[in-house]
Each structure stands twice: as C-alpha cells, then as structure tokens.
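Asker: Residue numbers (the numbering used here): 3 to 93.
Each residue gets a CB set at the ideal place from its N, CA and C atoms; glycine is no exception.
Have a look at this one before I ask anything.
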C-alpha cells in the first residue's frame with residue numbers, strides 16, 4: 003500500500019469513516035445469487051450474457067453466471083441481475 007493510502011486508512015480508522023469512501027475502494031453488495039450491486043467502479047471491461055468484467059481500484063472484478071444483464075449503469079454504480087455463479091477479483 004502506498005504511503006498516502008496508509009495515511010488515509012489511518013485517518014479513516016481514527017475518525018471512524020467508511021474505508022470504501024476514503025480509499026475509493028469498490029463496495030459490492032450481493033442479493034442472493036440474483037443481483038450484484040457495485041459502487042465505485044472505474045468502467046466496464048467486458049460484458050456478455052455469461053460474463054461481466056468491471057475495472058476497479060482493486061483490480062478487475064469478474065462476475066460469471068447465466069442470463070446476466072446490466073440493469074442499471076450510472077457514473078459510479080452498476081447493478082447486474084441474472085443467475086450469478088462466481089464473483090472474484092483478477093489482478
């Protein structure tokens with residue numbers, strides 16, 4: 003971790019601020035295996051009905067499943083619906 007990120011993390015801990023906001027980390031919320039909500043993304047790398055790859059500060063988030071659909075896309079938020087089978091980060 004870079005020195006500035008370490009300082010931000012320390013400040014977030016002291017002030018009890020959410021680290022995802024202070025460090026610009028992605029926040030991922032999953033509802034069962036039917037919906038995935040990603041905040042703080044940096045763009046879509048790949049999109050098909052069985053794979054979605056999203057660029058984040060932590061690397062590329064890969065979502066594998068069936069009948070995947072981008073239900074909502076805004077500047078920093080994406081909602082993916084379908085039958086989600088795998089979610090992982092690639093470097």
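Just tell me which of 63, 62, 76 and 81 has its CA closest to the CA of residue 70.
Answerer: Here residue 70 corresponds to residue number 68 of the chain shown, with the count starting at 1. Nearest C-alpha to residue 70: 81.
Asker: For the segment 6-16 and the segment 30-37, state whether three or more C-beta atom pairs, one from each stretch, are separated by less than 8 Å.
Answerer: With a cut-off of 8 Å, the segment 30-37 and the segment 6-16 do not count as touching, because too few Cβ pairs lie within range.
Asker: I'd like the list of long-range same chain contacts for residue 84, defined as Cβ closer than 7 Å, with 5 residues on each side in sequence excluded.
Answerer: Residue mapping note: residue 84 aligns to position 82 of the chain shown, counting from 1. Same-chain partners within the cutoff: 67, 68, 69, 70 and 71.
Asker: With DSSP collapsed to three states, give me the class of residue 29.
Answerer: Position 27 of the chain shown, counted from the first residue, corresponds to residue 29. Of the three classes helix, strand and coil, the one that applies to residue 29 here is strand, per DSSP.
Asker: Based on the DSSP output, what are the partners of residue 68 in its beta bridges?
Answerer: The residue given as residue 68 occupies position 66 in the chain shown. 85.
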